[in-house]
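K.L.:
The structure under discussion is supplied below as C-alpha cells; questions concerning it will follow.
There are 2 protein chains.
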Amino acid sequence: MKTKAVFYHAGCPVCVAAEQNVANALDPGKYQVEIVHLGNDKSQLKEAESAGVKSVPALVMDGTAYHINFGAGIEALK
Amino acid sequence: MKTKAVFYHAGCPVCVAAEQNVANALDPGKYQVEIVHLGNDKSQLKEAESAGVKSVPALVMDGTAYHINFGAGIEALK
Numbered sequence: 001m002k003t004k005a006v007f008y009h010a011g012c013p014v015c016v017a018a019e020q021n022v023a024n025a026l027d028p029g030k031y032q033v034e035i036v037h038l039g040n041d042k043s044q045l046k047e048a049e050s051a052g053v054k055s056v057p058a059l060v061m062d063g064t065a066y067h068i069n070f071g072a073g074i075e076a077l078k
Numbered sequence: 079m080k081t082k083a084v085f086y087h088a089g090c091p092v093c094v095a096a097e098q099n100v101a102n103a104l105d106p107g108k109y110q111v112e113i114v115h116l117g118n119d120k121s122q123l124k125e126a127e128s129a130g131v132k133s134v135p136a137l138v139m140d141g142t143a144y145h146i147n148f149g150a151g152i153e154a155l156k
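Sequence order for the protein chains is A and B.
Heads up: the first sequence is residues 1 to 78, going by the numbering used here.
Heads up: the second sequence is residues 79 to 156, going by the numbering used here.
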C-alpha cells in the first residue's frame, strides 16, 4: 500500500522548485504525493501544524516533517 | 541512467533519522543514493560546499542542495 507524502509550500519560487524536484524524486511505488499550497489553502494550516510543519517548503512523510531549505515560517501564512 | 543523489550528514540523531527516511523514499529507479558522513570524512567537505551545502543534513540532487531541517552548520564540521 502506498503511503501519503504531503508537500506543503506557499508558492514562493524556492518552494515551487523544491516541490517539483522532491516530488519527482520520491519512489512512486511507495508514495502518493499530495501537494498543498498553504498560501491559497489556509484550511490546511491546522493539519500542517499538527504534522509538525514549522516552515515551508516542507515534506511530511511517515509522520515526520522535513523542512526543506527555508522559504517562510508558518506564522507568516496565517 | 540513474542520477546520483548525495546525502550529507554528520552523525547527529536528526541527520541519521532523516537519512534513512529520505534515502529510502527516493525512487530507486531514478537515483543512486550515496551517503557521506562529513564528520568522519572531512575530505568531502569541499565537494559538499561546492554543491551548495551550508548545513547538514542535506541532500544534493540534480545539482541542487536541499537542506533538510537543521542539524549543524557546515562551518562546525571543519
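Don't be surprised by glycine CBs; every beta carbon is placed ideally from N, CA and C.
Exposed or buried, which one is Gly-52(A) when buried takes at least 16 other CB atoms within 10 Å?
P.N.:
By the 10 Å Cβ count, Gly-52(A) comes out exposed.
K.L.:
If we ignore side chains and look at the alpha-carbon of each, how far apart do Leu-45(A) and Ser-121(B) end up?
P.N.:
If you take the alpha carbons of Leu-45(A) and Ser-121(B), they lie about 42 Å apart.
K.L.:
Going by the DSSP bridge assignment, what does Lys-4(A) pair with across the sheet?
P.N.:
DSSP, once it has assigned bridges, lists Gln-32(A) as partnering Lys-4(A).
K.L.:
Can you find the residues in the same chain that come closer than 6 Å, C-beta to C-beta, to Glu-75(A), ignoring five residues on each side of it along the sequence?
P.N.:
Once the five neighbours on either side are set aside, Glu-75(A) has no close Cβ partner at all.
K.L.:
For His-67(A), go through chain B and note every residue whose CB falls closer than 9 Å to its CB, in chain order.
P.N.:
His-145, Ile-146, Asn-147 and Phe-148, listed in chain order.
K.L.:
Taking 8 Å as the CB-CB limit, is Pro-13(A) close to chain B?
P.N.:
Closer than 8 Å: no.
K.L.:
What residue from Pro-91(B), His-145(B), Gln-98(B) and Lys-156(B) has the CA that sits closest to Ser-133(B)'s CA?
P.N.:
Taking only the C-alpha atoms, the option nearest Ser-133(B) is His-145(B).
K.L.:
Just the Cα atoms here: how many angstroms apart are Phe-148(B) and Val-92(B)?
P.N.:
Going from the Cα of Phe-148(B) to the Cα of Val-92(B) covers about 8 Å.
K.L.:
In three-state DSSP terms, what is Asn-147(B)?
P.N.:
Strand.
K.L.:
Quick check on Leu-123(B): does DSSP put it in helix, strand or coil?
P.N.:
Residue state, collapsed to three classes: helix.
K.L.:
Leaving aside the five residues before and after Ala-143(B) along the sequence, list all residues of the same chain whose C-beta is less than 7 Å from its C-beta, in chain order.
P.N.:
If we look at Ala-143(B) and ignore the five residues flanking it on each side, its Cβ neighbours are Ala-129, Gly-130, Val-131 and Ala-136.
K.L.:
In the DSSP output, what is Ser-133(B) paired with across the bridge?
P.N.:
Gly-151(B).
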